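Protein chains: 2
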Amino acid sequence: MNAIILSVGDELVLGQTIDTNSAWIDQQLAAVGCEVIADAIVADRQETIEAAIRLAAAHADFLIISGGIGPTADDLTRHALAAVMGVPLELNEAWLARLESFFQKLGRAMPQTNRIQAMIPRGAETIENTAGTAAGIHVKSGISNLKSEIFVMPGVPKEMKIMFERDVLPHIRAKGGGAVILSRTLHTFGLGESSVAEKLGDLMKRDRNPSVGTTVANGIVSLRINARLPSRDEAQQQLDSTTDACRAALGDLIFGADADTLPSVLAASLASARKTICTAESCTGGLLAKMFTDIPGSSDYFAQGWVTYSNEAKHDRLGVSENILNVHGAVSEPVVEAMARAARRLAKSDFALSISGIAGPSGGTPSKPVGTVCIALAIPPVAPGGGRGKGGYQESRVSSRTFHFTGDREMIRDRSAKIALAMLRFHLLDKPMPF
Amino acid sequence: MNAIILSVGDELVLGQTIDTNSAWIDQQLAAVGCEVIADAIVADRQETIEAAIRLAAAHADFLIISGGIGPTADDLTRHALAAVMGVPLELNEAWLARLESFFQKLGRAMPQTNRIQAMIPRGAETIENTAGTAAGIHVKSGISNLKSEIFVMPGVPKEMKIMFERDVLPHIRAKGGGAVILSRTLHTFGLGESSVAEKLGDLMKRDRNPSVGTTVANGIVSLRINARLPSRDEAQQQLDSTTDACRAALGDLIFGADADTLPSVLAASLASARKTICTAESCTGGLLAKMFTDIPGSSDYFAQGWVTYSNEAKHDRLGVSENILNVHGAVSEPVVEAMARAARRLAKSDFALSISGIAGPSGGTPSKPVGTVCIALAIPPVAPGGGRGKGGYQESRVSSRTFHFTGDREMIRDRSAKIALAMLRFHLLDKPMPF
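From first to last, the protein sequence lines are chains A and B.
Quick note: the first sequence uses the numbering used here, first residue 1, plus one each step.
Quick note: the second sequence uses the numbering used here, first residue 1001, plus one each step.
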C-alpha cells in the first residue's frame, strides 16, 4: 500500500511558504504502514496540476492532494481533477445549502464566488469539512481508469488536519498495510538538546530500532521515538519499552508526551489538586495568563491576572512600594516577590506567579542586560488556614529566582513564561527544579 | 526558462525532516526569473529516484537535485542518475585525491566508503564542494537526450546553499532569457478570502501579470503580488502599480504590507498619535495584552491590563456590578462597556479595550453559543480635558459590539483579539469599521 502526496500553491513553488502539510501527512501514513512514494508540490496552474494528478494516479494506491480548493480564481485543483477524470464539475446541493447556512450564521450573504466550493467532479463524493467552507473531494479508485483512490483537502493546515484525521486516515488504515511505523514524542523543558542527548546515551544510536531522535522547538526539546516493525503489536511493545527507557534516563525533565504542552500538563495538575493560580506579569505582558487560559476549562484553576507593565501599574494595582522599585529596580527579586504576594492575596488564589524582566531589544544595562528576568512563586503559608484568611489573612511564602535568557524579544518572553510554569510544576511535584 | 527541484531522502518522505532546501532554491530561482514547475521529494530508493529524474528531465530546462550523494549505502542519487543516462559511474581521480588529502589533514585514513563520493556518471562533471566531502555533479543538457541540464548537490542545507550560490545559480542566471520575479504581500483583516477576491475582481485574473493571489493565515487574508518581467526596473514599476490598484480596490481593509502585523501597525499608530491603551480581558485571557506587548517599545503606549476571567474578578478589580453581571450575563455589551470604562479610568489611559466571550468548547448556551464575543472600546470624552480629570474625571465614551466567531477555542480567542485591534485601528483612522 503506497501513496503520493501532492500540495498545490504558487506560494509553495515560489518558496514563500514552506510546505508543512506533506511532512505531517507523511507521518500519519507511516504510522499506518502506508509507504509514501513521493511528495510533490506544483503551482496553481491547471495544466501542471492535471499532469501531476495523471502521473501520480497511475503510480500510487492513494493520491492525497491538499490546496487549490478555495473560493478564488487561483484555486484550480477541482477543475484539474475533473479534467483528468474527463467529467464536468457538478454542484453539490447539500454542500451549497451548508455554505449558505454557514454565511447566514455570520449574518452575511454568501459571496457568489463561494458557490464553486460546492462543486465537485461528477462521480466524486464530498468529504466533511468541520473547520472551513471548502468541501473535500473523494474519488474512488477505478473511476475513469485511475489507479489511485484520490482525496482532495484544503491547504489550510488546520482544516486539512481535521479532515484527514476524521475522514481520510481511517479509510486508508482500513486498507491495511506493510511494515508499521509507530511513533511517540516525549517533551522536555529546561535543558539544552545536547544535555538531553548526553543523558539518553546509547538510546540515540543511529541503527537502533526503535530509533530515538531529538528536535527542538521554542525551548522544548522533544524526543521522537520511531518503532518500525512488521506487526502493530510488536511495534507497540517496542515503542513502549523504549519510552520507558527514555523516561528512566530523563526522569522529571519529561513533562509530557505527544499532544501535551506545559500549560496542558499544569492545568491537569492544578485541576486534580483542586488548586488555583493567578498571575502578575510585566515583561511577558499577558503571555503567562494566555498560556494558562489556552486550556479549555481553565476557569477551574485560573480566575484573574494582572499585566503591570509600568512601575506606576505595579504600584497602583499591586501596591509595590515606590521605595522597593527605586532601590532594587523593577527587574528585581524583591519586586516580583511583592507582586506575587499581592496578587495571591487580592485574587484569593492558592498560588501566584509573577514575572518582571528585560525582554529587549532595548532597556538593558551592564548590571541587568537584556534577557535578565526575575520570577516569583507565592504559595500558601505553612500555618493551617491555607492563607484563606481564617482569623486574618496569613502571608504567603514566596520564592524567587533570577534568570538570564538569550535570544530575541519573543524568545525571552516565551522562555520566561515557560520557566514560570516549570517552577509551579516542580513545586506541585514537591521536587527541586533541576535547572 | 524553468526548473524542477528534486529532494532525496527517507527522512523527508517519512515526514521526520521538513524539506526547507526546496523552498530556499525556489526563492533563488524566482529572483533570477527561472520558473519552478514543481518541487518533488522521493525516498532513498534507486528505482524511484530514476523515475523522478526521467520524468523531470523530460519536462524542465533545469533539474536541481539535492540529497543522496553521501558516503553510505542509502545514498543512491548518483547511481540513479547514471542509470538514467545509461552510463557507468567512473572514479574522478582529482576528487579522490582531494578526499584523501582532506582525511590526511584530519590525521585519519580515508574510510573506503568515502571513495564513492568521488564517483560520477561518465560524461558528467564534478561541482566544487567547499563545505563537505561529496562532489556535486553537473550534467549538461542533451547528454543521452536529456532535455534538462542537471545539477546534483548534497542534502545538507549548509553544503547545498554554498554550492548552489557558488556554482549553480550563476550558471542558471547566465542562461538569462527568463524574467525577474519581484513580490510584495499586502495584509487584510476582517473579510473572508472570497469577499476580498470579489473586491479585487479582475486583478486576480489568472493570466494577469503582475499576478495577485490570496492566502489565509490565522484570519489574515494576504494578497501575494508577483511581478514577472524581463527587467528588474519594469518588474518594480509593475509591482508598484498593481499594489496601488489593490489598495484602491480594498482601501482601509489593507492594514499593512510584508512584515507588518496588526499589533505592529497599531503600535506605530498609537506611538505617532502619542496615545495610550489598556486592556481588560475575559475569554482572551491576556492574549490582547500579549499582542500589544509583542512589539518592542510597547511601554510607550501600553502601561497595564487586567485579566478578569471570573465574575468575581470583574467585580473586585473593575467594579462591574453584580447586578449587571446577573441581569445581562458576563458575556454582554453592558459588561464589556463597564470593564472598558473602569479600565480606562484606573489606568488613566487614552483608550481601553475590553473583551468577554465564550471561547468554548464548553460554556455555550442557545442564546449565547460558543463563539459569542462582546468587545468594547472606551475613548476620551468629547469635552475638553480629554478625560484626564481636569475638574473631576470625565466619563469615557464607550462603544461595544457583539460578534459570532466560528472555529475552535484558539481561533475564537485569536479572532476576538484581532477584531479588538481592528476596532481601535478604525477609531484611530476616524472611520467606521467596514465589517
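Note that beta-carbon positions come from the ideal geometry of N, C-alpha and C, so glycine has one too.
Everything numeric in this text was worked out from a predicted model, so none of it was measured.
Whole-Å CB distance - residue i paired with residue j, under 8 Å assumed
| i | j | result |
| --- | --- | --- |
| B:ILE1137 | B:VAL1152 | 4 Å |
| A:ILE150 | A:ALA57 | 7 Å |
| A:ILE277 | A:LEU424 | 7 Å |
| A:PRO121 | A:MET85 | 5 Å |
| B:VAL1013 | B:ASP1026 | Not confirmed; about 19 Å, so no contact. |
| B:ALA1071 | B:ASN1114 | A small fix is needed here, since residue 1071 of chain B is Pro in this sequence, not Ala. Right, their Cβ atoms sit about 5 Å apart. |
| B:ALA1289 | A:GLY285 | 5 Å |
| B:SER1354 | B:VAL1336 | 5 Å |
Assigned secondary structure, residue i (DSSP; H/G/I helix, E/B strand, else coil)
| i | result |
| --- | --- |
| B:SER1231 | coil |
| A:ASN226 | strand |
| A:THR215 | strand |
| A:MET433 | coil |
| A:GLY251 | helix |
| B:PHE1164 | helix |
| A:GLY136 | strand |
| A:GLY389 | Bear in mind that the predicted position of A:GLY389 carries a pLDDT of just 48, short of 50, making it unreliable; the figure below should be weighed with that in mind. Three-state DSSP puts A:GLY389 in coil, outside helix and strand. |
| A:ILE49 | helix |
| A:GLU193 | helix |
| A:GLU395 | coil |
| A:ARG115 | helix |
| B:LEU1014 | coil |
| B:THR1077 | helix |
| A:ILE324 | helix |
| B:PHE1461 | Only positions 1001 to 1435 of chain B appear in the structure, and residue 1461 of chain B is not among them; the question remains open. |
| A:VAL221 | strand |
| B:ALA1257 | strand |
Cβ neighbour criterion (16 or more within 10 Å) applied to residue i
| i | result |
| --- | --- |
| B:GLN1112 | exposed |
| B:HIS1187 | buried |
| A:PRO361 | exposed |
| A:SER194 | exposed |
| A:LYS140 | exposed |
| A:GLU410 | exposed |
| B:GLN1304 | buried |
| A:SER416 | buried |
| B:GLU1322 | exposed |
| B:LYS1418 | buried |
Cross-strand partners of residue i (DSSP beta bridge)
| i | result |
| --- | --- |
| B:ALA1376 | B:SER1354 and B:SER1400 |
| B:VAL1008 | B:VAL1042 |
| B:LEU1063 | B:ILE1004 and B:ILE1150 |
| B:SER1183 | B:ASN1226 |
| A:GLU281 | A:VAL307 and A:ILE355 |
CB contact below 8 Å: residue i versus chain B
| i | result |
| --- | --- |
| A:THR126 | no |
| A:ARG317 | yes |
| A:GLN236 | no |
| A:VAL168 | no |
| A:TRP306 | yes |
| A:GLU322 | no |
| A:GLY15 | yes |
| A:LEU55 | yes |
| A:LYS290 | yes |
| A:ARG224 | yes |
| A:VAL156 | yes |
| A:THR243 | no |
Proximity test, Cβ basis, 8 Å: residue i and chain A
| i | result |
| --- | --- |
| B:MET1204 | yes |
| B:GLY1387 | The predicted position of B:GLY1387 is uncertain, since its pLDDT is 45 and thus under 50; a value taken from the coordinates is nonetheless stated next. Judged by the 8 Å Cβ criterion, B:GLY1387 is not in contact with chain A. |
| B:LEU1428 | no |
| B:LEU1239 | no |
| B:TRP1095 | no |
| B:GLY1190 | no |
| B:GLY1285 | yes |
| B:VAL1036 | yes |
| B:LYS1390 | Low per-residue confidence applies at B:LYS1390: pLDDT is 49, beneath 50, and the placement is therefore not dependable, though the value from the model is reported in the following sentence. With 8 Å as the cut-off, B:LYS1390 does not count as an interface residue toward chain A. |
| B:GLN1046 | no |
| B:GLY1070 | no |
| B:ARG1345 | no |
| B:ASP1414 | no |
Near the ligand NAP: residue i beta-carbon under 7 Å from a heavy atom
| i | result |
| --- | --- |
| B:ALA1422 | In the structure on display, the ligand NAP does not appear, and there are no ligands present to speak of. |
Chain D within 8 Å of residue i, Cβ atoms only
| i | result |
| --- | --- |
| B:VAL1216 | This model lacks chain D altogether; the protein chains it does include are A and B. |
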